[in-house]
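UniProt numbering puts the sequence shown at residues 1 to 312. Everything below concerns the one structure shown next.
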Amino acid sequence: MGPQTPGYQGRLLRGRKPLESRVRSGQGGGVNLSELGGFLRSRRDRIRPADVGLPTGPRRRVPGLRREEVAQLAGVSVDYYIELERGAGVQPSEQMLAALARALRLSRDERDYLFALAGRPLPPSGSPADHVHPGMLDLMHRLGGTPAQVVTDLRVMLVQNPAARALLGPPPSTTGWTASFLYRWFTDPKSRALYPPEDHAEHTRSFVADLRAASARRGADPDIRAMIMALSARSPEFSKHWARHDVSFRRHDRKRLLHPELGLLEVNCLNLFSEDGRQRLLWFTPAVGTDSVAKLELLAVLGTQIFDQQES
Numbered sequence: 001m002g003p004q005t006p007g008y009q010g011r012l013l014r015g016r017k018p019l020e021s022r023v024r025s026g027q028g029g030g031v032n033l034s035e036l037g038g039f040l041r042s043r044r045d046r047i048r049p050a051d052v053g054l055p056t057g058p059r060r061r062v063p064g065l066r067r068e069e070v071a072q073l074a075g076v077s078v079d080y081y082i083e084l085e086r087g088a089g090v091q092p093s094e095q096m097l098a099a100l101a102r103a104l105r106l107s108r109d110e111r112d113y114l115f116a117l118a119g120r121p122l123p124p125s126g127s128p129a130d131h132v133h134p135g136m137l138d139l140m141h142r143l144g145g146t147p148a149q150v151v152t153d154l155r156v157m158l159v160q161n162p163a164a165r166a167l168l169g170p171p172p173s174t175t176g177w178t179a180s181f182l183y184r185w186f187t188d189p190k191s192r193a194l195y196p197p198e199d200h201a202e203h204t205r206s207f208v209a210d211l212r213a214a215s216a217r218r219g220a221d222p223d224i225r226a227m228i229m230a231l232s233a234r235s236p237e238f239s240k241h242w243a244r245h246d247v248s249f250r251r252h253d254r255k256r257l258l259h260p261e262l263g264l265l266e267v268n269c270l271n272l273f274s275e276d277g278r279q280r281l282l283w284f285t286p287a288v289g290t291d292s293v294a295k296l297e298l299l300a301v302l303g304t305q306i307f308d309q310q311e312s
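Rendered as structure tokens:
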């Protein structure tokens, strides 16, 4: 009985593991989930909670992040992430890997290694803007108690310090361009609670003009094309402003913020841009001569407990 014989082929097929089970065990197709699990654990252990805007807390036994925290940052289920760290589970998608790379603050080389272990094609080297500029990350840490965060030109928050989390709240659970504050401004009314209602019109104009500048910079980038199409379909307000073709590149401005505990805050928002303009470090200082100076000092004491209570 040779290879062309139906019975021979049937025995071969019966003797093979299904594709999913081979993926689960880390075999075939370049997938190595066992190594991937070990790599995820090692990257999780090296990150301090403060690096991603989380409170340290008194009950931590290890310096790194908890599995639940990585899952929350990446927008995946805790059970699924635990399975991945154990070297089990189904093969993660490219979108899932990108979310994990952001959550674990991987370098470009580490991200590519993660994709290779998962048997997924490497993302184009020049396309993503979601790997935090190392100089910006270092400067953000040096700002200490000053609220600071790094965002993309699509207003996707990449990393924030504890002071920024206390001032602005935690990042959304979604990933990719749907996590953009600009996108949520037009699709989720709750996002506008950060600003006084009388300031909404000006922020709307500014956000759209800033997005148009980003669209010229990114060209045919699929993320910004998809985001603009989705906003045009979902928000008549966005479509109206988009049709005006206003363009601006926000470098600094004075903002009024509404904090759930401290009320109205007047702050200066300062920007530092990356070389290609796709990332910006934002930091917030109290407006001189206002009670926001004392309020931001109090914010350092309150920490993130207000937003943590709202989430629970």
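Using N, Cα and C, we set each Cβ at its ideal position, and we do this for glycine too. Treat the numbers as computed from the prediction; the structure is a model and nothing was measured.
Non-local beta-carbon contacts of V150 in its own chain, meaning distances under 8 Å to residues more than five positions away in sequence, involve V132, H133, M136, L137, M140, M157, L158, V159, Q160, Q279, R280, L281, L282 in chain order. In the same chain as L154, and ignoring 5 residues on each side of it, the C-beta atoms closer than 6 Å to its own belong to W177, S180, in chain order. In the three-state reduction of the DSSP assignment, Q91 falls in the coil class, being assigned neither a helical nor a strand state. Under DSSP, the beta-bridge partners assigned to T285 are N268. For N271, the CB contacts under 8 Å within the same chain, skipping 5 residues up- and downstream, are R250, R251, H252, R280, L281, L282 in chain order. DSSP places L104 in the coil class of the three-state scheme, outside both helix and strand.
Going by beta carbons, A74 and T175 fall inside the 8 Å limit.
A Cβ-Cβ distance of about 5 Å is found for the pair S232 and S239, placing them in contact under the 8 Å criterion.
CA-CA distance, R142 to F284, rounds to 14 Å. Here the C-alpha atom of R86 lies approximately 25 Å from the C-alpha atom of D51. The alpha-carbon of G30 is positioned some 46 Å away from that of L194. Beyond the five residues adjoining it in sequence on each side, A226 comes within less than 8 Å, by CB distance, of W177 in the same chain, given in chain order. DSSP places A300 inside the alpha helix (DSSP H), whose first and last residues are 292 to 302. Per DSSP, the continuous beta strand (DSSP E) segment holding A148 begins and ends at 148 to 152. DSSP, read as helix, strand or coil, puts L65 in coil.
Taking 8 Å as the cut-off, the beta carbon of L106 is found closer than this to the beta carbon of R43.
The C-beta distance from R205 to D246 rounds to 7 Å, short enough to meet the 8 Å contact threshold.
Look at L122 here: in three-state DSSP terms it is coil, with no helix or strand label. The segment 216 to 223 makes no contact with the segment 254 to 269; the number of CB pairs closer than 8 Å stays below 3. Per DSSP, reduced to three states, the secondary structure at D276 is coil, with no helix or strand assignment. For R60 against L97, the beta-carbon gap comes to about 27 Å, at or over 8 Å, which does not count as contact. DSSP places D138 in the helix class (H, G or I) of the three-state scheme. With a contact defined as Cβ atoms closer than 8 Å, E261 and L302 qualify at about 6 Å.
Boundaries of the beta strand (DSSP E) around K255: 252 to 259. A distance below 7 Å between beta-carbons, with the five flanking residues on each side excluded, links A214 to the following residues of its chain, in chain order: D153, L154, I224. Taking a 10 Å sphere around the C-beta of S292, we find 16 or more other C-beta atoms and assign the residue as buried. Membership of L194 in any alpha helix (DSSP H) is not indicated, and neither H nor E is assigned to it by DSSP. Judged by DSSP in its simplified three-state form, G263 adopts strand. Boundaries of the beta strand (DSSP E) around V159: 157 to 160. 8 Å or more divides the Cβ of I47 from the Cβ of L114. Separation of the CB atoms of A148 and A164 is rounded to 6 Å, and the pair is thereby assigned contact status at 8 Å. Under the three-state reduction of DSSP, G219 is assigned to coil, being neither helix nor strand.
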